[in-house]
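Engineer:
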Amino acid sequence: MENNSKSAVLYYSVRPNKEQEKSLLDFVKSKYGDDCALKLVSDISMKDGFRLVCGNDTYNWNKKSRYEQLKKRINEISASADGNIIPLIRESVENWVPSVYAEQVGTVISVGDGIATVSGLDEAFLGEILIFNGNVRGMVLSLSEDKLGCVLFDSDGVVGSGSSVMRTGKIAGMPCGEGFLGRCVDALGFPIDEKGKIEAKDYRPIESPAPEIKDRQSVNTPLETGILVIDSMFPIGRGQRELIIGDRQTGKTSIAVDTIINQKNKNVICVYVAVGQKASSVKSVYETLEKHGAMDYTVIVCASAADSASMQYIAPYAGCALAEYFMNKSEDVLIIYDDLSKHAVAYRSISLLLGRSPGREAYPGDVFYMHSRLLERSARLSEEKGGGSMTALPIVETKAGDVSAYIPTNIISITDGQLFLETDLFYSGQRPAVNIGLSVSRVGGDAQTKAMKQATATLRLDLAQYREMEIFTQFSSDLDDATKEQLKHGQRLMAMLRQKQCAPLSHHAKIIYLVCAKEKCMKNIQTDDVGKFLCDVVVFAEKEHNDLCERIDKSGTLTDDDRLIITEIAEKVVNGYVEY
Ligand code: ATP
Ligand code: MG
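Counted the way the working numbering counts, the sequence shown spans residues 113 to 692.
#1: Just list the residues that DSSP pairs Ser222 with in beta bridges.
#2: Within the present structure, is the beta-carbon of Thr365 separated from the nearest heavy atom of the ligand MG by less than 7 Å?
#3: DSSP has Phe162 in a bridge; who is on the other side?
#4: Can you tell me where the beta strand (DSSP E) with Thr503 in it begins and where it stops?
#5: As a quick exercise: from Ser588, Ala563, Met423 and Ser525, pick the residue whose alpha carbon is nearest that of Phe265.
#6: Using a threshold of 8 Å, state whether the C-beta atoms of Val649 and Cys628 are closer than that.
#7: Could you please give the first and the last residue of the uninterrupted alpha helix (DSSP H) stretch that includes Lys562?
#8: Pairs of beta-carbons, one from the stretch 298-311 and one from the stretch 320-337, closer than 8 Å: are there three or more?
#9: So, under 8 Å CB-CB, Ser285 and Ile318 are touching, yes? Tell me the CB distance rounded to an integer number of Å.
#10: Should Asp674 be listed as close to the ligand MG, given that the test is whether its C-beta is under 7 Å from any heavy atom?
#11: Can you have a look at Phe346 and say buried or exposed, based on whether 16 or more other CB atoms are within 10 angstroms of its CB?
#12: Can you list, in chain order, the residues of its chain with a C-beta nearer than 7 Å to that of Phe538? Leave out the 5 residues immediately preceding and following it.
#13: Is any beta-carbon of chain D found at less than 8 Å from that of Ser231?
#14: Let me check you understand the geometry: is the CB of Asp450 closer than 7 Å to at least one non-hydrogen atom of the ligand MG?
#15: Sorry if obvious, but does the Cβ on Pro616 come closer than 7 Å to a heavy atom of the ligand ATP?
#16: Is the CB-CB distance between Glu240 and Thr170 below 8 Å?
#17: Helix, strand or coil, according to DSSP, for Ala106 in the structure here?
#18: List the DSSP bridge partners of Cys261.
#19: In three-state terms, what does DSSP make of Met423?
#20: For Arg316, collect the residues of the same chain with a Cβ closer than 7 Å to its Cβ; drop the 5 residues on either side in sequence, then sort them by chain order.
#21: Can you check the stretch 388-419 for any beta strand (DSSP E) of at least 3 residues that lies completely inside it and give the ranges in chain order?
#22: Have a look at Arg127 and Ser154 and give me their C-alpha separation to the nearest angstrom.
#23: Specify, as a first and last residue, the run of the beta strand (DSSP E) that Cys288 falls within.
#24: Between Asn245 and Ser222, what straight-line distance do the alpha-carbon atoms span, to the nearest angstrom?
#25: If I follow the unbroken alpha helix (DSSP H) through Asp593, where does it start and stop?
#26: Please specify which runs of the beta strand (DSSP E), each continuous and at least 3 residues long, are wholly inside the stretch 610-660, giving them in chain order.
#27: Express the C-alpha separation of Val270 and Pro476 in angstroms, rounding to a whole number.
#28: What is the DSSP secondary structure of Lys143, counted as helix, strand or coil?
#29: Can you check the stretch 270-354 for any beta strand (DSSP E) of at least 3 residues that lies completely inside it and give the ranges in chain order?
#30: Got a sec? Which residues, its chain only, sit under 7 Å from Ser190 by beta carbon, not counting five neighbours each side?
#31: Rounded to the nearest angstrom, what separates Asn115 and Ser276 at their Cα positions?
#32: Helix, strand or coil, according to DSSP, for Phe693 in the structure here?
#33: Please list, in chain order, all residues of the same chain as Val341 whose beta carbon is under 7 Å from its beta carbon, the five residues on each side excluded.
#34: Roughly how many angstroms separate the alpha carbons of Ile664 and Glu496, rounded to a whole number?
#35: When DSSP labels each residue in this structure, what does Asp444 get in the three-state scheme?
#36: For Asp536 and Lys622, what's the separation of their Cα atoms in angstroms?
Laid out in structure tokens, this is it:
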């Protein structure tokens, strides 16, 4: 590289003759001005042809570069042609003239910990993919006056300081298509499940602007999780962002997986993004989904703990790009980010290695923006835009229940509500361990069916009273009858909200459960038998009053007569339990 691009250097294996030298000089002058000089340097490492370097531009006249050009041309023809392509290829090969074009080539200054500093690529832009030695790919993440910082996606073993880097002019993207359903891919869209190549229909940039306000509509259709405690009190609507937050091992992933399983036959496409998880945990999620036939409509995007921080950083964006592809095709999509605290940690390590100054808890200053621009892409699109939706369930892990740490507060403020999972509840056997006082859903209420709204009217209040009462009466022995009654009722409500994993409840089953609770049908049932009793009521109702169940599911309404029928069924079932 020479000063001010006023001099070009020609590297050769066989020195060009006078005539060639003259035409090269003419070429250089026509491109870079008449005062540009040409210097000839012998390079024995080159096997054939020559290489002209002027400023940031490099021209390759060797067999390899010609071969690459021809290969590209043939690929273009075979992609555009349908039918017999042999004559087309023959014709275009015969008429093919190798073109002269400049490649922008930079130099690696330093490399380490998956980060490379590169100089000489003045025109590279933020988010552009660069190609290093040995086809290692990287993405530009920081630009400064004379160098740029780049994260590497593959192992950096073959990239050394002084090696060359090429621009691609392409922003990092994710291949998309229906072929991804049922598959497990990495953050760049390559399959990792040994089921062969995936046919991509589109290529979307991993970062794209969120839908504008005018392209959105309000959340009005429920996205049922099949989990009673959530659907009754913290309903989620299609297009909403609901955070699942809790300490480690409190059933966060289980809620997400149950929600995916519940979307069977409901025309919802699911994307599960695993960030920084153990590969074995992702495998067990995959197996659970497969076992319940949920992989048919699900894609798993995985950047496990063993992957580089850069892969973990782009995985949620890649999953989001894939979800957007389906959303723009008028589909309803559910995306799960498991989990964003590990995502933030990956971004923190990248930022520190790039030399950005650390802020609170050593996270970089833009960590809030990083999550908000990801979660803002969830939306319910307007009818003009096809009416598709993307519902996001981000997961965040807290340490010792501390929701006021940096990342949890950030994400709480970005999302439309949170499901707070509590360790104490989890270990006392109350699973899913949703804390009713701290959880909230801000927009989902509009999306709840009428039947559900009616059935849950007083549930939250009853539970709140029960919890207060439970604390007050912990140490007192002689309680009046009303208090005893209230405690008993509360215990039965809590028992009703316990639910096994991978056992989502249908809409009518949830309504039947809630009506039984409201009408206090369980007052003579032992707490331990509540689950079985409610199951029996639903089985009985489905057998004897199938029309009622179908009506509730279809219309989403509950009449007084329906309520009466449900109470009668419950009474009949209670009679079978009188011996308790
Ligand atoms: P991690 O912090 O490791 O990601 P997590 O919060 O995602 O954990 P899970 O992996 O979903 O938690 O669940 C932890 C354990 O609790 C698992 O062994 C799971 O089987 C069990 N579990 C979760 N939900 C329930 C439930 N409703 N009933 C019974 N067991 C459950
Ligand atoms: Mg988990």
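Backbone N, C-alpha and C fix where the C-beta goes; we use that ideal spot for every residue, glycine too.
Structural biologist: Looking at the coordinates:
#1: Thr229
#2: yes
#3: Tyr124 and Trp173
#4: Ser501 to Glu509
#5: Met423
#6: yes
#7: Lys562 to Thr568
#8: no
#9: Correcting the residue identity first, residue 285 is Gly in this sequence and not Ser. About 6 Å; that satisfies the 8 Å criterion.
#10: no
#11: buried
#12: Thr362, Gly363 and Ala545
#13: Although the question refers to chain D, the structure presented lacks it and comprises just one protein chain.
#14: yes
#15: no
#16: no
#17: The requested residue 106 does not occur in the structure, where the chain is confined to residues 113 to 692.
#18: It should be pointed out that residue 261 corresponds to Gly in this sequence rather than to Cys. Note: Gly261 sits in a beta bridge opposite Thr229 and Ser254.
#19: helix
#20: Gly285, Met286, Cys288, Ala433, Glu436 and Tyr437
#21: 410-415
#22: 7 Å
#23: Gly285 to Cys288
#24: 14 Å
#25: Asp593 to Leu609
#26: none
#27: 29 Å
#28: helix
#29: 276-283, 285-288 and 314-317
#30: Ile197
#31: Residue placement at Asn115 is flagged as unreliable, the pLDDT there being 45, under the threshold of 50; the coordinate-derived value follows with that caveat. The straight-line gap from Cα to Cα measures roughly 19 Å.
#32: An answer regarding residue 693 cannot be provided, because it is not within the stretch 113 to 692 covered by the chain.
#33: Pro544, Val546 and Leu609
#34: 31 Å
#35: strand
#36: 25 Å
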